[in-house]
Amino acid sequence: MKHFLGKIHLRWCKHCNLPVLDEKCNICKGDTEQVKITPPGDVRPAFPKDIEMINNILREQFDIKEDIFKNKIVLLNKSPGVDFTREIILDGTVFAIWKYDVEKANWSIIPTVEGARKIVNAGGFKKIVGIREDIVPYILERHASVLRPGVAYFSQDIRRGEEVIVVVMEGDTEHFKDIQVIGVGRARMDYREVMERDKGMVVKIRHAEAPREATYLRETGDFNRSIEKMVLANEHVIRRYEREAIGFIRNTVERIKKPVVVAYSGGKDSLTVLLLSLKALRERGIEFDVIFVDTGLELPETLENVEEVERKYNLKIIRIKSQEFWEKLQEYGPPGRDYRWCSKVCKMKPVERFISSRYRDGCLTLVGLRKYESINRSKKPRIWKSWHVKGQIQCAPILHWSAMHVWLYIFKNKAPYNKLYSLGFDRVGCYICPAMDLGEIELLKRYYPELWERWERYLREYAKKNNLDEEWIRSGWRWRYRVKDT
Ligand SMILES: [Zn+2]
């Protein structure tokens, strides 16, 4: 099963305009092409709410008039290590980077050159810098910056530091006949500065390409229709991954000979493990428990999802409740990425108590861990002994799956996934978590202002007592010992 350990490269069927996780497309049987994305490439489909947010930013930033994403599959690739950063993939190539700008405290879109072509075609005419034709070779061949004498047009809305689209124009600035995108970059001057000066750097070019037409591949229909097609194009991949995971579960259960527990969190990964366990074990008459840890910090959608899953699969999910967060908070102070008492108190301890009382000789727990989630997890074995609970053995049936495999499997099985995903959340855990980036906190504030207010009130009181500043309240609380890395 060597290919399960290999790197997963996102591929695209340019004929069907669909992502395919294999060399061949299952619909047209044609070859697929690799999509160049930032590793590790844990890609997921964009939901309509994501698209709505992206379109709002594009309208605000570039004044686009049309929906560039209409009737197409859009994917988002999460870049690890930085605050909210997602590559937006459209028509089989990276369209732009969608990020939360920590300094400016706002969302922004940084288009690729291809993205810029589509933005201009969609009527976007803000943040545009027109250059004289005679300086084009300098930019294309020598990667030169745009200097003041080469500027023929400069949008009034541009401020220093903003992302701009660099174009070559034919005709006078009032009646452009033809506008051709040649690059993207960052403005080094404001509109006023450009008007006042006759030299200096105006735009630092990030990427430049010889002018050409944007690539538009076929439409695949609305979100649901596109998802159906995407599942169909990947049927062979889904079947292969399912067969392998089911075999793994059956073998492990047979070998370990302990009561089986599926740890369900309300998230997509553990939902997939639950679906696989139902197929692997229920059909063979092997019983297993399903547990859900209610940390007391769950969003309502997660609790609803647990009930929905219970109903749909005729299960009785055991709820392990922990209500100690607010109480322990007084004692320990805010949790941090380097001080995660919360997961010990609200998750590990209650599970440990439950397992040691229910299974005398321990148990085999199936978890939704995936190596693509973090570099720390990439070297994990697929079966290991828990170091928290004596006698507990854990295994990860979907360790080698990417988020796309998981989503394909969920869509294929029409499984009830947590509604938080369709609101744009990538994670569905506790609503207070030091692992959150500022973009995620913004999302949470948008949908659950009252929950976030309670937390912020606490942070304010704590800051006052401990002489901490606004920056700590905004973002610094997420580390206890380390100074925030910028
Ligand atoms: Zn195809």
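Heads up: the sequence shown begins at 984 in the working numbering, then just goes up one per residue.
Built from N, CA and C at the ideal position, the CB exists for glycine as well.
Only a predicted model underlies this, so the values are computations on that prediction, with no experimental measurement involved.
When beta bridges are read from the DSSP output, residue 1275 appears opposite 1247, 1302.
Secondary structure at residue 1367: strand, using DSSP grouped into helix, strand and coil.
Judged by the Cβ position, residue 1216 qualifies as a neighbour of ligand 1 at the 7 Å threshold, a heavy atom of the ligand being closer than this. Taking a 10 Å sphere around the C-beta of residue 1267, we find fewer than 16 other C-beta atoms and assign the residue as exposed. With respect to the 8 Å criterion, residue 1257 and residue 1244 are not classified as neighbours on the basis of their beta carbons. Put simply, the backbone Cα of residue 1087 is about 15 Å away from that of residue 1043.
Beta-bridge annotation (DSSP): residue 1091 is paired with 1082. In this structure, the beta-carbon distance from residue 1166 to residue 1127 does not fall below 8 Å. Residue 1377 sits in a strand when the DSSP states are folded into three classes.
Within the DSSP secondary-structure output, residue 1077 pairs in a beta bridge with 1072. In the DSSP assignment, residue 1152 falls outside any alpha helix (DSSP H) and lies within the beta strand (DSSP E) extending over 1146-1153.
Residues 1045, 1046, 1138, 1140 of the same chain have their beta carbon placed closer than 6 Å to that of residue 1109, with the five preceding and five following residues left out of the count. Bounds of the alpha helix (DSSP H) holding residue 1337 are 1332-1341.
Assignment of residue 1060 by DSSP, reduced to helix, strand and coil, places it in the strand class. Taking each of 1077, 1116, 1121, 1115 in turn and checking the Cα distance to residue 1100, the smallest one comes out for 1077. Within a 10 Å sphere around the beta-carbon of residue 1383 sit 16 or more other beta-carbons, which makes this residue buried. By the criterion of a C-beta distance shorter than 8 Å, residue 1363 is surrounded in its chain by 1352, 1354, 1379, 1382, once the five residues flanking it on both sides are discounted. Take residue 1121, set aside five residues on each side of it, and the residues of its chain with a beta-carbon closer than 6 Å to its own are 1127, in chain order. Under the three-state reduction of DSSP output, residue 1117 falls in the helix class. Here residue 1284 has 1401, 1402, 1403 as same chain residues with Cβ atoms under 7 Å from its own Cβ, once five neighbours each way along the sequence are excluded. Within 10 angstroms of the beta-carbon of residue 1193 lie fewer than 16 other beta-carbons, which makes it exposed.
Across the set 1328, 1246, 1180, the C-alpha of 1328 shows the shortest separation from the C-alpha of residue 1309.
At a cut-off of 7 Å, the beta-carbon of residue 1001 counts as near ligand 1: some heavy atom of the ligand is closer than that. Residue 1011 has its CB nearer than 7 Å to a heavy atom of ligand 1. In terms of Cβ geometry, residue 1252 and residue 1389 form a close pair [threshold 8 Å]. Contact between residue 1079 and residue 1093 holds: CB atoms are separated by about 6 Å, below the 8 Å threshold. When the alpha-carbon of residue 1091 is set against those of 1029, 1041, 1216, the nearest one is in 1041. Under the three-state reduction of DSSP, residue 1007 is assigned to strand.
In this structure residue 1009 is buried. Its beta-carbon is surrounded by 16 or more other beta-carbon atoms within 10 angstroms. Sequence-distant Cβ neighbours of residue 998 in its own chain, meaning closer than 6 Å and more than five residues away, are 1011, 1013. One thing to note: residue 1148 has its Cβ no nearer than 8 Å to the Cβ of residue 1134. Burial state of residue 1375 is buried, judged by a 10 Å Cβ sphere holding 16 or more other Cβ atoms.
When beta bridges are read from the DSSP output, residue 1205 appears opposite no residue. Assignment of residue 1180 by DSSP, reduced to helix, strand and coil, places it in the coil class. The three-state secondary structure of residue 1413, taken from DSSP, is coil. In this chain, the beta strand (DSSP E) harbouring residue 1137 covers 1134-1137.
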